[in-house]
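Asks: Submitted below is the structure of interest, expressed as structure tokens.
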Amino acid sequence: MRKFFAFFKARTMEFVRDRGTLFWNLLFPVVLVFGFAFAFAGDGEPLFSVGILGTPDEDLAFMEIEEIEFIEYSGTGNESREAVMERLRRHQIDMLVDFEAQEFAINRESREGPVLRRLFLADSAESLAAGGGLDAAEVEQREPGQQEAAQQESGQQAPGQQAAAGSGAATFTEQEITGDPIRYVDWVVPGVLGMNMMFSCLFGVGFILVRYRKNGVLKRLKATPASPLTFLTAQAASRLVIVVGTSTFVYAGTNAFLQFTMLGSYLNLLLVLILAIACMIAIGLVVAGRLKS
Amino acid sequence: MAPILEVRDLRKQYKSVRAVDGVSFTVPEGICFGLLGPNGAGKTTVVEMMEGILQPSGGEVRFRDRPIDTEFKRRVGIQFQSTALPEYITVKETLELFRALYPHPRPIDEVADICSLWDFLDRDNRKLSGGQRQRLLLAIAIIPKPEVVFLDEPTTGLDPQARRNFWSLIERIKAEKATILLTTHYMDEAQLLCDQVAIMDHGKVLELDEPQALLDRHFHGTVVQIPNPGDLSQLRQARLPADAVFRDGVIEITSDRLDQTVRELLSAELNLDGLTVHKPNLEDLFIKLTGSSLRV
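One line per chain: the protein sequences are A and B, in this order. Its first residue numbered 42, the first sequence is counted upward by one per residue in this note's numbering. Its first residue numbered 234, the second sequence is counted upward by one per residue in this note's numbering.
This is the structure:
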């Protein structure tokens, strides 16, 4: 173990004292995350995004509003109703209208949701009024708290759902969901962390071993009683600790300012990180073993 | 004295090149043994096979009458011809790293004393001068208190002062009764440090003995050299001493009676500008043995 810790210490100190490497591993990812966060900040798209499931009702005037981007989903696979609801939950779309199920859904925590709801209900109410249903103004003025009464009025009961209005012969049921938005930067951070981890493992192990071989360090160590296994495990362990440390620093440092959305367990995240680092180090070793220069 | 190292019919083949061709010798314990020869003679290959770094194509190396094994690495110290050191760590940290690799290493203070490292013990390896770097590499080689120290061209590239300083370090290690195996193409270095020398060329050992014994065997008297002696027609007419040799534009005469040789040269009416007279050395011997000058 004395030999292992000697190699571990030497390699780790080499990393810590190499300012160029330290910059690329610590500061560059942070700068990258802030750069992306800044570049993609702001109010986003000027249009509303409305997801559509089923065949849209072309008579609905709502469907002709130019400021709204309608995205049609197939309803299967990763465009299933559940998947599209998840997009709504993450504020990737502002509203979902399911023409097949005669339902629409908004995210209560989205700023765009209530506006779209009003637009949609007003349009639907007009159609309904024209067909002898509710008065358009009456529906438009209803606030979420009054929806229960509306449900009773229209005779529809759906636990957790609120009755709304119909379009022509169809009647839409409103569904409200909640969920914090996922910003662009929330997607960027895992990518930057992953990229940083890959570079660090491949270069920090593979490249360094090739360099050691080229400049004779490996030959010098071969002349000592230290075994190659001790040397390699120390290199890998040093890199593992460095990458876990730098990833934690980058995550915590950027999270302190940008407050990412974190889903799931930190313990699982750490486990996945360690396994991923081990895999990348293994690839680095294979590359170093096969390349001569 | 019983040999500490023995090389038996050592051979190394690189595809079509035979780098070492049946080399055999023994190294008695406690001496400084020199392997001499020009670049490409095969001396580094022989040394690396003796160190266990290179696998021989044939033959064997024995340490204390046993084939070399993992225990051998604990009992020898090695300074390679060119080695990079771990970067971004200091001299002291480098010594600590190598100390951790041996079971009974010398204390850092002792190594620093022997190799005069105190002035730059806290300096980054990357900022060492050539001489300091060689002293550090020598220090690393002696950390395990080795029974044999391999020094492969340790003074190549050093300035004359640094070379002399390094020789004094080697003398100190010799004084500790360690066996030293030194390769060099500096004949003055070999003559000063080595108790026995083997002269190699083209992968073979040409001669092996104590330096003075080799010189006594091959030379009698004094070497007289005359550069730029005149044109060839003048030389043909001149009555030169019988053993004069014309090589690479230089007349070389090995003389037992210097006064008579000088009189003969004066009567030959040659251009004697630049005439030198010296006692034969290992370089003269090498030239005599190989028929060519040293390929540095």
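Cβ coordinates follow ideal geometry from the N, Cα and C atoms, glycine included.
Assess, as a yes-or-no matter, whether the region 487-504 of chain B is touched by the region 429-439 of chain B under the definition of 3 or more beta carbon pairs within less than 8 Å.
Replies: No contact exists between the region 429-439 of chain B and the region 487-504 of chain B.
Asks: Would Ile315(A) be called buried (16 or more neighbouring beta carbons within 10 Å of its own) or exposed?
Replies: By the 10 Å Cβ count, Ile315(A) comes out exposed.
Asks: List, in chain order, every chain A residue whose beta-carbon is nearer than 9 Å to that of Asp446(B).
Replies: Checking the sequence, you will find Ala at residue 446(B) rather than Asp. Those within 9 Å of Ala446(B) in chain A number zero; the least Cβ separation is about 32 Å.
Asks: Kindly list, in the order they appear in chain A, the residues whose Cβ is closer than 7 Å to that of Arg307(B).
Replies: Here the neighbours are Pro266.
Asks: Examine chain B for any beta-carbon lying closer than 9 Å to the beta-carbon of Arg52(A), and answer yes or no.
Replies: Output row for Arg52(A): interface = yes.
Asks: Which residues in chain A sit within 7 Å of Pro319(B), going by Cβ to Cβ distance?
Replies: What Pro319(B) touches in chain A: Ala51, Glu55, Val258.
Asks: Quick test of your reading: Leu369(B) and Leu350(B), contact by CB under 8 Å. State the CB separation rounded to the nearest angstrom.
Replies: Going by Cβ atoms, the distance from Leu369(B) to Leu350(B) rounds to 7 Å, so yes, they are a contact pair.
Asks: What residues of chain C sit near Lys263(A), judged by a beta carbon separation below 8 Å?
Replies: No chain C appears in this structure, whose protein chains are A and B.
Asks: Taking Lys378(B) as the reference, which of Leu391(B), Lys410(B), Asp352(B), Asp357(B) has the closest Cα?
Replies: Answer by Cα proximity: Lys410(B).
Asks: Helix, strand or coil for Gly255(B), going by three-state DSSP, please let me know.
Replies: In this structure, Gly255(B) counts as strand in the three-state DSSP scheme.
Asks: What residues are listed by DSSP as bridge partners for Lys245(B)?
Replies: Paired residues: Val253(B).
Asks: Looking at C-beta atoms only, is the number of pairs between the region 324-334 of chain B and the region 263-272 of chain A that lie closer than 8 Å three or more?
Replies: The region 324-334 of chain B, when compared against the region 263-272 of chain A, does touch it at the 8 Å Cβ threshold.
Asks: Taking only the alpha-carbon atoms, compute the straight-line gap between Pro200(A) and Ala142(A) and give it to the nearest angstrom.
Replies: Any reading at Pro200(A) needs caution, since the residue's pLDDT is 39, under 50, leaving its predicted position unreliable; the model's value is listed next. Roughly 16 Å between the two C-alpha positions.
Asks: Taking its Cβ as the centre, do 16 or more other Cβ atoms sit within 10 Å of Leu68(A), making it buried, or is it exposed?
Replies: It is exposed - the Cβ of Leu68(A) has fewer than 16 other Cβ atoms within 10 Å.
Asks: Report the rounded CA-to-CA distance for Glu281(B) versus Val226(A), giving the unit in angstroms.
Replies: So the two alpha carbons sit approximately 56 Å from each other.
Asks: Check the DSSP bridge columns for Asn148(A) and list the partner residues they point to.
Replies: According to DSSP, Asn148(A) bridges with Ile218(A).
Asks: Apart from the five residues just before and just after Val294(B), which ones in its own chain have a Cβ nearer than 8 Å to its Cβ?
Replies: Excluding positions up to five away in sequence, the list reads Leu238, Glu239, Val240, Arg241, Leu243, Met282, Met283, Gly285, Pro300, Ile301.
Asks: Can you name the residues of chain B whose CB is closer than 9 Å to the CB of Ala47(A)?
Replies: By Cβ distance, chain B contributes Glu329, Leu330, Phe331, Arg332, Ala333, Leu334.
Asks: Any idea what DSSP makes of Pro231(A), helix, strand or coil?
Replies: Pro231(A) falls in the helix class under three-state DSSP.
Asks: Check whether chain A comes within 9 Å of Thr388(B), counting only Cβ atoms and requiring the distance to be less than that.
Replies: Thr388(B) does not count as touching chain A.
Asks: Out of curiosity, what's the CA-to-CA distance linking Gly454(B) and Val256(B)?
Replies: Taking the straight line from one Cα to the other gives about 31 Å.
Asks: Restricting to runs no shorter than 4 residues, where is the alpha helix (DSSP H) found entirely within the region 266-307 of chain B?
Replies: Here the runs fully enclosed are 276-284, 303-307.
Asks: Do you know whose CA, among Arg396(B), Pro340(B), Asp489(B), lies nearest Gln366(B)'s CA?
Replies: Gln is not the amino acid found at residue 366(B); the sequence shown has Arg there. Checking every option, the nearest Cα to that of Arg366(B) belongs to Arg396(B).
Asks: Answer yes or no: does any C-beta atom of chain A fall closer than 9 Å to that of Phe313(B)?
Replies: It does: the Cβ of Phe313(B) has a partner Cβ on chain A nearer than 9 Å.
Asks: Between Thr53(A) and Arg308(B), what straight-line distance do the alpha-carbon atoms span, to the nearest angstrom?
Replies: Distance between the alpha carbons of Thr53(A) and Arg308(B) is about 29 Å.
Asks: How long is the line joining the alpha carbons of Leu354(B) and Val324(B), rounded to whole angstroms?
Replies: The straight-line gap from Cα to Cα measures roughly 5 Å.
Asks: Got a sec: which bits of the region 370-404 of chain B sit with their beta carbon under 7 Å from any beta carbon on chain A, in order along the chain?
Replies: The region 370-404 of chain B vs chain A, Cβ under 7 Å: nothing.
Asks: Where Pro70(A) and Leu402(B) are concerned, what is the direct C-alpha to C-alpha distance, given to the nearest angstrom?
Replies: Cα to Cα, Pro70(A) sits roughly 50 Å from Leu402(B).
Asks: For Gln367(B), name the three-state secondary structure that DSSP assigns.
Replies: Gln367(B): helix per DSSP, three-state reduction.
Asks: From this set, Ile318(A), Phe56(A), Ile218(A), which residue's C-alpha is nearest Val125(A)'s C-alpha?
Replies: Of the listed residues, the one whose Cα sits closest to Val125(A) is Ile218(A).
Asks: Using a cut-off of 7 Å between C-beta atoms, extract the partners of Ile322(B) located in chain A.
Replies: Simply Ala51, Met54, Glu55.
Asks: Pro236(B) to Leu505(B), Cα distance in whole Å?
Replies: Distance between the alpha carbons of Pro236(B) and Leu505(B): 49 Å.
Asks: Looking only at its own chain, which residues have a Cβ that is under 8 Å from the Cβ of Thr388(B), when we skip the five neighbours before and after it?
Replies: So the list reads Gln367, Ala395, Arg396, Phe399, Trp400, Thr417, Tyr419, Glu422, once near-sequence residues are dropped.
Asks: Compute the beta-carbon to beta-carbon distance between Phe49(A) and Ala275(A), rounded to the nearest angstrom, for a pair I have assumed lies under 8 Å.
Replies: Confirmed, Cβ separation roughly 4 Å.
Asks: Counting C-beta neighbours from all protein chains within 10 Å, is the total for Glu386(B) 16 or more, i.e. buried, or is it exposed?
Replies: It is buried - the Cβ of Glu386(B) has at least 16 other Cβ atoms within 10 Å.
Asks: Please identify the residue among Phe89(A), Gly116(A), Glu120(A), Leu101(A) whose C-alpha is closest to the C-alpha of Phe95(A).
Replies: Checking the sequence shown, residue 95(A) turns out to be Gly, not Phe. Considering only alpha carbons, the answer is Gly116(A).
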